[in-house]
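Contents: one structure, followed by commentary.
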Amino acid sequence: MSTQLTKIYRVKPSSEIKLVITIGHGQDSFSTVYLEGDKIVSEKRRSFEVVLPVPGKDLKGKMLFCSTTVIDIVKETNLTSVAYELSGGKQDFKQSLEESVDKEHGVKHYVATFLFI
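Per my numbering, the very first residue in the sequence shown carries number 244; after that it's consecutive.
So this is what it looks like as C-alpha cells:
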C-alpha cells in the first residue's frame, strides 16, 4: 500500500515550474517522475529538483505523477518521509508525507499526483 497525495496546482502562462522532492530522516530512496505519461526523471536517488520541460501555459490540463520508494537505512529511526515542493505557479506549494516502516530495512512507497490548471 502506498501513501498518496493529490493536488491541483495553478500555473502562470510564461513561468517555469520547478519540482523539488526531498527525502527525510536520512533514508535512501528512488524516484521516477512522469509528465502525461512521459518519463522526465528515471530512478533518481535521494532528494533532487527538476524544472519541468515545458512552460506553464503548456502544462494546463496535464498531470505530473511522482513515484518514490523509500528504504529504511537509518538504524536510529524507522520513520520515512517525502516532501514535495512546486514553485513557479500562482502560489508555491509544499507538503510532507511521513510513515513508519514496520522493521529495519523496510520499504514505503509514496505517490504524488499534480493536475496543472
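Backbone N, C-alpha and C fix where the C-beta goes; we use that ideal spot for every residue, glycine too.
Because the structure is a prediction, the values reported are computed rather than measured.
**Prompt:** What's the C-alpha gap between Lys337 and Thr356?
**Reply:** About 13 Å.
Fill in: Any 3 or more C-beta pairs closer than 8 Å across the segment 273–283 and the segment 326–335
Touching, no, given that fewer than three Cβ pairs across the two stretches are closer than 8 Å.
Handout entry: Closest Cα partner of Val344 within the set Phe359, Val317 and Ile251
Key = Selected option, being the one with the closest Cα: Val317.
Q. Between which two residues does the beta strand (DSSP E) containing Asp271 stretch?
A. Per DSSP, the unbroken beta strand (DSSP E) holding Asp271 starts and ends at Asp271 to Leu278.
(request) Inspect the beta-carbon positions of Glu259 and Gly331 and report whether they are closer than 8 Å. (result) Yes. Within cutoff.
- Assess, as a yes-or-no matter, whether the segment 307–316 is touched by the segment 255–269 under the definition of 3 or more beta carbon pairs within less than 8 Å. Touching, per the Cβ criterion.
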